[in-house]
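The block underneath contains the structure these notes are about, expressed in structure tokens.
Protein chains: 2
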Amino acid sequence: MSKPIRVIQFGLGAIGRATARLVLKRNTLQLAGAVDPQFAGRDLGEVLGWRRKLNLPVRAELAGLSADAVLHCTGSHFDKVFDQLTAIARAGLHCVSSCEEGLLPSYRHPALAKRLHQLCVAHHVGFVGTGVNPGFVMDTLALVLTAPCQRVDALRIRRVVNAGTRREALQRKVGAGMSPAEFRVRVGGHVGLTESLALVADGLGWKLDRVTEQVAPVRAARTVRTRYLTVNRGAVAGVHQVARGYRGGRAVLTLDLQMYVGAPAPRDEIEIRGDPPLHVVVAGGTPGDVATPAMLVNLLPVLVAAAPGLHTMKTLTLPHGAR
Amino acid sequence: MSKPIRVIQFGLGAIGRATARLVLKRNTLQLAGAVDPQFAGRDLGEVLGWRRKLNLPVRAELAGLSADAVLHCTGSHFDKVFDQLTAIARAGLHCVSSCEEGLLPSYRHPALAKRLHQLCVAHHVGFVGTGVNPGFVMDTLALVLTAPCQRVDALRIRRVVNAGTRREALQRKVGAGMSPAEFRVRVGGHVGLTESLALVADGLGWKLDRVTEQVAPVRAARTVRTRYLTVNRGAVAGVHQVARGYRGGRAVLTLDLQMYVGAPAPRDEIEIRGDPPLHVVVAGGTPGDVATPAMLVNLLPVLVAAAPGLHTMKTLTLPHGAR
Chain C
1 MSKPIRVIQF GLGAIGRATA RLVLKRNTLQ LAGAVDPQFA GRDLGEVLGW
51 RRKLNLPVRA ELAGLSADAV LHCTGSHFDK VFDQLTAIAR AGLHCVSSCE
101 EGLLPSYRHP ALAKRLHQLC VAHHVGFVGT GVNPGFVMDT LALVLTAPCQ
151 RVDALRIRRV VNAGTRREAL QRKVGAGMSP AEFRVRVGGH VGLTESLALV
201 ADGLGWKLDR VTEQVAPVRA ARTVRTRYLT VNRGAVAGVH QVARGYRGGR
251 AVLTLDLQMY VGAPAPRDEI EIRGDPPLHV VVAGGTPGDV ATPAMLVNLL
301 PVLVAAAPGL HTMKTLTLPH GAR
Chain V
1001 MSKPIRVIQF GLGAIGRATA RLVLKRNTLQ LAGAVDPQFA GRDLGEVLGW
1051 RRKLNLPVRA ELAGLSADAV LHCTGSHFDK VFDQLTAIAR AGLHCVSSCE
1101 EGLLPSYRHP ALAKRLHQLC VAHHVGFVGT GVNPGFVMDT LALVLTAPCQ
1151 RVDALRIRRV VNAGTRREAL QRKVGAGMSP AEFRVRVGGH VGLTESLALV
1201 ADGLGWKLDR VTEQVAPVRA ARTVRTRYLT VNRGAVAGVH QVARGYRGGR
1251 AVLTLDLQMY VGAPAPRDEI EIRGDPPLHV VVAGGTPGDV ATPAMLVNLL
1301 PVLVAAAPGL HTMKTLTLPH GAR
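First to last, the sequence lines map onto chains C and V. When you line the first sequence up against this note's numbering, it's residues 1 to 323, in that order. When you line the second sequence up against this note's numbering, it's residues 1001 to 1323, in that order.
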């Protein structure tokens, strides 16, 4: 067996902690450190909620740590985490990031994407942004499903999440329990949906004339109680977000994301209009809290083996599970 | 736009002809020649059943043709087409092949696979075997679906094809209308199922203790009439083939292929036992007659861009559709 990849976990929020736990389970990986100013000085075992110490003190910053790669889980916006990403590249570390805009940084931040690419090449490391959404169900999986198609005319991708089965932070984030007025002010919608759309369009070689995105509240048809909160009938149960890509006046790409408490028939669904047409359903949907850490960790050996530079899910070899 | 890839279609059976037709539709590809001793001297347009000539005479062999790549559709067994594949590599041509054993040539023919790999490297070209099955539904798609899994305990992959909706050759091949005695003599089963199994196991890093494969006739519960033949009640309607891979005495990989006339609820179905468990259904299934040419043609630019040598679906970048 080849030597384990030495990994630093950067960011210890809910996803970062779950990612660190998964790294500790894999004998192909070795957790070499953890970075998060919020927990600096504490033992990682304690931060992960374990009884035993890991003798791994959480650092406030990267400097001084030695490793091969970073799993980066700190923020959704590429420009806001850009300084962290350049520090990682300059330290000669590969980086798999859950940063949503990192799925396709060139979409919103072409100049920054180019700079990160150059830095990665100069330091012989790779970068990729991934996760379950964006990163898998509404982009990578949809793209793979077009491989057996002679012709693709249009794609409709739908993800329905019953937020009531997810962690409290997600229930709050989608606006569950808010008034419509509060929703308008406080819920910006899921970051990364248009990046997913752009990645699919790019893979299919489609130049889009126009991309639209709408974020609207879903109102509860009846009172819904979750473990964490109650949504009264008529209050906001969550969010319905739709991104559309147009070619020649026609919506050829529709990404429809529904995340609300009490959502019936949760699922991931991909419909391809083309030759052949295909209709694919992931029954119950792909659970993000488990699947995002899995995507990050499973992509790590793939990225390490790739050519240096800024990658996307489309430029790396086939993602898949591992021991 | 980059220059079109110049392609030779090698083999003009049903899949080869469908592949040539698809090449002719893509402006990123240019059909530079066709090879098939059976049609040598005839115009390709005529062989494809068109009214107009293509001014492209079919050749008996590769020698003398100039191109970048070959789409190879002549046989299922890697050793039997090996001389064709080495000729293609020696001519400095990339090759995407529908050869079923070519999905993972090292599984049954490790020495030949190594020789082809060395030839490919020496001549700076790539080789990959693909198609819809093997090549997509029972291997590549299943592997991709493990990417969001923290842990995979077992995989069950099922493909149910209503052979009654497929071309006559396939209906005959699966034994439709035969007596059970005739089936035993004449139906060897689908080639490539164990290669699919081995590719998935390899991707997941699983060393299998044992692989089994069973081929059994499906008997018609009632009389079934297709466009081409009639299967009386009790006669053979088609084939049921199951390959299993074991670890520690437990079947961790089950590939269940059912191809018979009158099969109800045709579908491709992938069940992952693990964390998270996933259950994915391609409703109606992925139609092979359309999808296999699509896989071959869509893989071509991916292979051309890859490092020279013998590839598998696991060593190439994400497959997807294209214009």
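A virtual CB, placed ideally from N, CA and C, is assigned to each residue, including glycine. All figures in this text were calculated on a predicted structure; none of them were measured in a lab.
Contact residues within the stretch 1295-1320 of chain V, judged by C-beta distance below 7 Å to chain C: Taking 7 Å as the Cβ-Cβ cut-off against chain C, the residues of the stretch 1295-1320 of chain V that qualify are M1295, N1298, M1313, K1314, T1315, L1316, T1317, L1318, P1319, H1320.
Is there a Cβ of chain V sitting closer than 8 Å to that of F39 (chain C), yes or no? no
Rounded to a whole number of angstroms, what is the C-alpha to C-alpha distance between A181 (chain C) and A235 (chain C)? 10 Å
Answer with yes or no whether the minimum CB distance from A322 (chain C) to chain V is below 8 Å. Under the Cβ criterion of 8 Å, A322 (chain C) is counted among the residues facing chain V.
What residues are listed by DSSP as bridge partners for Y1228 (chain V)? DSSP output for Y1228 (chain V) lists no bridge partner at all.
From what residue to what residue does the beta strand (DSSP E) around A1111 (chain V) run? Taken as a continuous stretch (DSSP letters only), A1111 (chain V) belongs to no beta strand (DSSP E), being part of the alpha helix (DSSP H) at 1110-1122.
What did DSSP end up calling T1317 (chain V) once you bin it into helix, strand or coil? strand
Contact check, A1032 (chain V) vs A1067 (chain V) under 8 Å by CB: the rounded distance? 4 Å
Quick check: the stretch 1207-1226 of chain V against the stretch 1276-1294 of chain V, are there 3 or more CB pairs under 8 Å? No, the stretch 1207-1226 of chain V does not touch the stretch 1276-1294 of chain V.
Tell me, please, whether the CB atom of C1073 (chain V) is closer than 8 Å to any CB atom in chain C? no
Measuring straight from C-alpha to C-alpha, what distance separates A40 (chain C) and V128 (chain C)? 26 Å
Taking only the alpha-carbon atoms, compute the straight-line gap between L1024 (chain V) and Q1030 (chain V) and give it to the nearest angstrom. 7 Å
Using a Cβ cut-off of 7 Å, which residues of the stretch 1105-1133 of chain V contact any Cβ in chain B, in chain order? In the structure shown, chain B does not exist; the protein chains are C and V.
Simplified DSSP assignment, three categories, for D268 (chain C): strand
Run of the beta strand (DSSP E) containing E1213 (chain V), from where it starts to where it stops: 1210-1219
What does DSSP give as the partner residues of T292 (chain C) in its beta bridges? According to DSSP, which records beta bridges pairwise, T292 (chain C) is partnered with nothing at all.
To the nearest angstrom, report how far apart R1006 (chain V) and A91 (chain C) are at their CA atoms. Answer to the nearest angstrom: the Cα atoms are 43 Å apart.
DSSP three-state assignment for L253 (chain C), whether helix, strand or coil: L253 (chain C): strand per DSSP, three-state reduction.
Chain V residues whose Cβ lies nearer than 7 Å to that of C348 (chain C): As displayed, chain C neither begins before 1 nor continues past 323, which places residue 348 (chain C) out of reach and without an answer.
Skipping 5 residues on each side, what residues in its chain have a beta carbon closer than 6 Å to that of G1164 (chain V)? T1226, V1261, G1262
Cβ neighbour criterion (16 or more within 10 Å) applied to V185 (chain C): exposed
Starting from the C-beta of I88 (chain C), find all residues in its chain whose C-beta is less than 6 Å away, skip the five residues before and the five after it, and write them out in chain order. V70, C95
Please list the terminal residues of the continuous alpha helix (DSSP H) segment that includes D1139 (chain V). Premise fails: D1139 (chain V) is in no alpha helix (DSSP H) and is neither H nor E.
Answer yes or no: does any C-beta atom of chain C fall closer than 8 Å to that of V1281 (chain V)? Using a CB distance cut-off of 8 Å, V1281 (chain V) counts as an interface residue toward chain C.
Which residues in chain C sit within 7 Å of G1203 (chain V), going by Cβ to Cβ distance? H320
Residue-chain proximity (D79 (chain C), chain V), Cβ-Cβ < 8 Å: no
Answer with yes or no whether the minimum CB distance from T1146 (chain V) to chain C is below 8 Å. yes
Mapping DSSP to helix, strand and coil, what is L93 (chain C)? coil
Return the CA-CA distance between V231 (chain C) and L193 (chain C), expressed in angstroms with no decimal places. The straight-line gap from Cα to Cα measures roughly 26 Å.
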